[in-house]
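Numbering (my numbering), first residue to last: 1298 to 1714. What follows is a single structure, written as structure tokens, with notes after it.
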């Protein structure tokens, strides 16, 4: 059954400078924003949403570029890309293609999700928007031409990925393609998860394949490739169904594996993305691993720095200052150097995401649309301190990542109230 998903907009109480949110996890793909939280004189957000808009079902989070919001969702028998006014939510244009609500090899948890999970990617050089549907439909849209379809390829058809295999005693889950594309220079990097390559690089303007990784793992269920630099060499971290893999992006060595670290989870549910700082990577999963691990990567291998029994189920950890933040059931704060827990608190459920603002606060979103403002460890080093909360904005799970841009907070649930 298809659903229509209201995208809900709340505005900070105080005046703020405009900023974009053009990628998965924000302007620098790390959930850190230069915007302040908007907390002023004991007030945070407007009492009621500034606007709502129907954008279709899915766990994909919106992007904000200038005065436009771009969103991907499933409506009826189509995956639909919409451009909305950031000011009032008015639909400016929409485009789409015929696609299934569930991918061709879907298996399990259909009552918990539907539609696209992949967040779009925006390229400021070309003004192209890239989207990936659950059934492998990769599209390039020209936002300057009202969403003109520039090029497209179906990853299942082109690269022959099969249903994810069962690697543990738990039943398999297969949610199709969930990862977000990544623009790197002239390439669009996409997790194909196929026998022909785990990662594929396309020419971002033409859609022509330029190279494939030597690794051929099946795709993970997280948000895909994350850029990083190892000893001056541009690389990308990818959490597949079997490994954390780090691959080179430098000329002549594109797609070569730097190192891998084994990471197999029950149900193939390695949902939280790798979190990167310099040549360090955090990976975490509640499923059977029940841990968060810090790894150091060099051009000669990977070594474990620490491992702690404080997993995140869905939320990708946010590295800020000397601390790590994430939300699963509770908000947690760990010491970046040692992994020791500094504090925990709040009451959330499985869904969750968070953003660190310029004035040292956390905007936390989870559960069935619970939105909270929390002090970081710099302001509250010994205890969880919640400044404000709005509860149950929706009736279903808040899988999509919260977005903060231009003095506004954008919240979406998976299928509508």
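Glycine included, each C-beta is placed from N, C-alpha and C at the ideal position. All values reported here derive from a predicted model rather than from experimental measurement.
(1) Which of the three DSSP states, helix, strand or coil, is assigned to residue 1607?
(2) Quick one: is residue 1711 buried, meaning 16 or more other Cβ sit within 10 Å of its Cβ, or exposed?
(3) Could you spell out the range, first to last residue, of the beta strand (DSSP E) harbouring residue 1360?
(4) On the DSSP letters alone, give me the boundaries of the beta strand (DSSP E) that residue 1381 sits inside.
(5) Could you check whether residue 1535 and residue 1517 sit closer than 9 angstroms to each other, using their CB atoms as the reference points?
(6) Which of the three DSSP states, helix, strand or coil, is assigned to residue 1416?
(7) Could you name the residues that DSSP lists as bridge partners for residue 1558?
(8) Quick one: measure Cβ to Cβ for residue 1490 and residue 1434, integer angstroms, because I've assumed they're closer than 8 angstroms.
(9) Assuming residue 1649 and residue 1625 are in contact, meaning their beta carbons sit under 8 angstroms apart, how far apart are those beta carbons, in whole angstroms?
(10) Across the stretch 1578-1588 and the stretch 1330-1345, are there enough close Cβ pairs to call them in contact, namely three or more that are closer than 8 angstroms?
(11) In angstroms, rounded to a whole number, what distance separates the CA positions of residue 1671 and residue 1658?
(12) I'd like the list of long-range same chain contacts for residue 1322, defined as Cβ closer than 6 angstroms, with 5 residues on each side in sequence excluded.
(13) From residue 1406 to residue 1562, what does the alpha carbon distance come to, in whole angstroms?
(14) Quick test of your reading: residue 1414 and residue 1371, contact by CB under 8 angstroms. State the CB separation rounded to the nearest angstrom.
(15) For residue 1269, report the span of its beta strand (DSSP E) as first-last.
(16) Do you know offhand how far residue 1635's Cα is from residue 1608's?
(17) Distance, Cα to Cα, residue 1611 vs residue 1582?
The answer reads as follows:
(1) coil
(2) buried
(3) 1360-1362
(4) 1375-1382
(5) yes
(6) coil
(7) 1541
(8) Not confirmed; about 15 angstroms, so no contact.
(9) 6 angstroms
(10) no
(11) 6 angstroms
(12) 1328
(13) 16 angstroms
(14) The Cβ separation is near 10 angstroms, so there is no contact.
(15) It is not possible to answer for residue 1269, since the shown part of the chain is limited to 1298 through 1714.
(16) 15 angstroms
(17) 8 angstroms
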